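Here's the structure we're looking at; comments come further down.
Residue numbers (this note's numbering), protein chains in the order written: chain A, 1 to 650; chain B, 651 to 836.
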């Protein structure tokens, strides 16, 4: 009852409250310290992509080394200085490159960048909220992420180089500064960067969960939410539960590294000298790390698949097949992801019984994953498929999820994992299933929501070229790695010319490197397209893809508060595509049956959704869900909350 | 479909934050339990001052509750006294912790080295102290406001959240001290 009043007043005051957004915004408040979720989304997207491009450029350097270990590349010395004396890569720096490549891509691009960009953009807009539950915390979330990036990249400029113990930074290598140059200051910076990053991710996560639970617009019941929201919501919970134990692991690592404790260290000799640390256990680190590490895979993958759901359904003009199954699959994958982590540790000498338990739980993941794939394929089946760039990338995401995911069986089962452990088979597997697959979703999402972000379309032709080069290139890069893995080629080796069993793969390595360089070069097409379209792209109509979800009902120009007038009220689920008996093949969520009867023509170019949205009686007819409160900072309506008792929301 | 969320969004966020803190300490606790059974594990006796501090912190939760009652009854004096007592007890707790750490150092029990029980003890109590400093900043803010009669009706949420955070630190400490003590005894 009280809430009805609040939401009614909230809507009413927004008419006045949100027309005073003409207040002067300086460069700093608009671009740097913005509390608007759309700007924060752009910040995450651009920072994530920038970090990602740095990450893949690093891979270009170490791919050169792997293909041509005996050749000298003088330009490397120009760029890297002492790390490439006479144009030949320093082995320690090779390790640093591999480490930073993994760290940047797994955490910065695919966790922070992907979730940060799309959760910030989509959660408020698709749920019909004015902003996140706490815009201030949201701003802080980006700033922690950003400064984490700065600290991480700063480690390239320290005397001993960046962290070099692999992206998993296993002790004792990472815990002993004397073990390798990269375990010096670079390692401390790595840990500090990761802790900043986690704080940023968690702040974001608190916001995402709260916004999804509390700020959905009227009529937006959970089972009417787009799947991408389900995915982002679930992933925020996963992060909340799995990142803190990893922080515990990093804190203990930092203490071992710099303060003389021995949590992870025992019986170590360096250059014949016994170290005093006794009684620690590396396995402890592995357990704590992989307790994050495995859910992390789904923290990357679920939003990617969520985005793919939107892309595939929208551009196939069909409702997503098996919506409820999709929701339960997301929840199922999230749950199971917490009880599989030890499949990363089959070779650590664990009890075979425990190994078989983790094998069984790992194979369980295949069930919801397969259901999702089945549903994607059946969404495409007999759809009116528009093969535009977002759709291609959406299909690409699912394609890589299949081709990478199937090899997961080999690695999830202890008997086949043990010979394949730490070989290129693993590298091929995780690059395809979570790396390329998620990057494709991120590209697809960018092409799809670019008009929503910048009000302009990206260039389709460049998009096609980008897609095909990347799609073919990524397959050519990572498929051969499976063969190398079966041949027993270990990962993280500096040069394959040292051993007979690895040097016979040299030609294949040259092939992979050439494919990789072409694929990396193709990304410049995307960069050009991205920035060029931002300023000179074709002006986008309000709903360029004829999609049903709420983000396309807001004005193209960005308003703080998203909708100039009232918030949209939701009357149907997110996937009313090609509904029989309808005049066109999509019915937006804010269109009610009365609107259709009234003859509203929502498909026309000059249709303004506000004419429907603002007509809605805020507290009329529907006694459905009610927004518990408007975002606090801008809403004078909160004065109604000023009672000693909290607003009880029914 | 009705939305059944009973929290203010900010309060829900604080609960979620507390969940992350719980997971952080769960991570440390499980690490502790795993290493407890190694052959190098040694025990030590926790100085009684830490138990005395426990009483202080428990008391501070009660004083906050009492002060908050004053706020509900629009009794500024009760709020002021309650908050001041809470803040002072919090400071005393921190002083007590420092005294406890000094007693450990005097016994030659340092963070560094192979004595993991004590390394963990410092990490647990230290991290709790860091959180408590944050709690003290919040409590100090409200005490200052209360003393200047600036706690109006709009403060209900802030006070509730401050209280929730403070009680959570209390619960966390009781868990830690019981966990650490039991592991030294059993």
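A virtual CB, placed ideally from N, CA and C, is assigned to each residue, including glycine.
These numbers were taken from a predicted model, which means no experiment stands behind them.
For residue 68 (chain A) and residue 510 (chain A), the rounded distance between their alpha carbons: 7 Å
Members of the region 683 to 697 of chain B that neighbour chain A once the beta carbon cut-off is set at 8 Å: 684, 685, 688, 689, 690, 691
Which value, in whole angstroms, describes the spacing of the CA atoms of residue 457 (chain A) and residue 243 (chain A)? 36 Å
Alpha carbon to alpha carbon, how far is residue 310 (chain A) from residue 227 (chain A)? 7 Å
Taking only three categories from DSSP, how would you classify residue 366 (chain A)? helix
Member of A:296, A:72, A:384, A:116 whose CA lies at the smallest distance from the CA of residue 144 (chain A): A:116
In the region 659 to 670 of chain B, which residues sit with their C-beta less than 8 Å from some C-beta in chain A, listed in chain order? 659, 660, 661, 662, 663, 666, 667, 669, 670
Give the residues from the region 722 to 747 of chain B that approach chain A closer than 9 Å (Cβ to any Cβ), ordered along the chain. Within the region 722 to 747 of chain B, the qualifying residues are 722, 724.
Integer-rounded CB distance, given that residue 361 (chain A) should sit under 8 Å from residue 312 (chain A): Contact between residue 312 (chain A) and residue 361 (chain A) is ruled out by a C-beta separation of about 29 Å, above the 8 Å threshold.
Could you pull the start and end residues of the alpha helix (DSSP H) that residue 772 (chain B) belongs to? 766 to 797
Along chain B, in chain order, which residues have C-beta atoms closer than 7 Å to that of residue 284 (chain A)? 681, 684, 685
Which ranges does the alpha helix (DSSP H) cover as unbroken runs of at least 4 residues, wholly within the region 498 to 582 of chain A, from first to last along the chain? 500 to 503, 506 to 536
In the DSSP assignment, find the unbroken alpha helix (DSSP H) run with residue 716 (chain B) in it and report its ends. Annotation for residue 716 (chain B): the continuous alpha helix (DSSP H) segment containing it runs 699 to 722.
How many whole angstroms separate the CB atoms of residue 522 (chain A) and residue 473 (chain A), which I take to be in contact at a CB cut-off of 8 Å? 6 Å
Out of A:162, A:514, A:346, which has the shortest C-alpha to C-alpha gap to residue 420 (chain A)? A:346
Out of A:593, A:614, A:588, state which residue places its alpha-carbon closest to the alpha-carbon of residue 602 (chain A). A:588
Ordered along the chain, which non-local residues of its own chain (more than five positions away) have a Cβ less than 6 Å from that of residue 556 (chain A)? Here the set comprises 455, 542.
Apart from the five residues on each side of it in sequence, which residues of its chain come closer than 8 Å, Cβ to Cβ, to residue 34 (chain A)? 40, 43, 139
For a contact defined as C-beta to C-beta under 8 Å, what are the partners of residue 351 (chain A) on chain B? Correct list: empty, because the minimum Cβ distance to chain B is about 14 Å.
Whose C-alpha, out of B:782, B:820, B:762, is nearest the C-alpha of residue 745 (chain B)? B:782
Cutting at 7 Å between CB atoms, please list the residues of its own chain near residue 821 (chain B), excluding the five before and the five after it. none
Residue 775 (chain B) versus residue 829 (chain B) - alpha carbon distance: 12 Å
Note down, in chain order, every chain B residue with its Cβ under 7 Å from the Cβ of residue 248 (chain A). 674, 677, 678, 681
Neighbourhood of residue 731 (chain B) by C-beta distance below 7 Å, restricted to the same chain and skipping five residues each side: 717
Counting only beta-carbon separations shorter than 9 Å, does residue 655 (chain B) have a partner in chain A? Any answer about residue 655 (chain B) is weak, because its pLDDT of 44 lies below 50 and its placement is not dependable; what the coordinates show is given next. Chain A, which has a Cβ nearer than 9 Å to the Cβ of residue 655 (chain B), makes this yes.
Grab me the residues of residue 247 (chain A)'s own chain with a C-beta within less than 7 Å of its C-beta, minus the 5 sequence neighbours each way, in chain order. Taking residue 247 (chain A) as the centre and dropping the five residues before and after it, the same chain places the C-beta of 195, 198 closer than 7 Å to its C-beta, in chain order.
For residue 769 (chain B), which residues in chain A fall below 8 Å Cβ to Cβ? 255, 261, 262, 263
Through-space distance from residue 683 (chain B) to residue 252 (chain A), alpha-carbon basis: Inter-residue distance for residue 252 (chain A) and residue 683 (chain B) is about 14 Å (C-alpha atoms, whole angstroms).
Using a Cβ-Cβ cut-off of less than 7 Å, give me the residues of the region 699 to 720 of chain B that come near chain A, in sequence order. none
Count the other C-beta atoms from every protein chain shown that fall within 10 angstroms of the C-beta of residue 367 (chain A), then say buried if there are 16 or more, exposed otherwise. exposed
Could you pull the DSSP bridge partners for residue 244 (chain A) from this structure? DSSP output for residue 244 (chain A) lists no bridge partner at all.
Between which two residues does the alpha helix (DSSP H) containing residue 307 (chain A) stretch? 282 to 316
Backbone CA spacing between residue 831 (chain B) and residue 725 (chain B) [nearest angstrom]: 40 Å
Is residue 490 (chain A) helix, strand or coil by DSSP? strand
Just tell me which of A:94, A:579, A:113 has its CA closest to the CA of residue 300 (chain A). A:113
Any chain B beta carbon closer than 9 Å to residue 276 (chain A): yes
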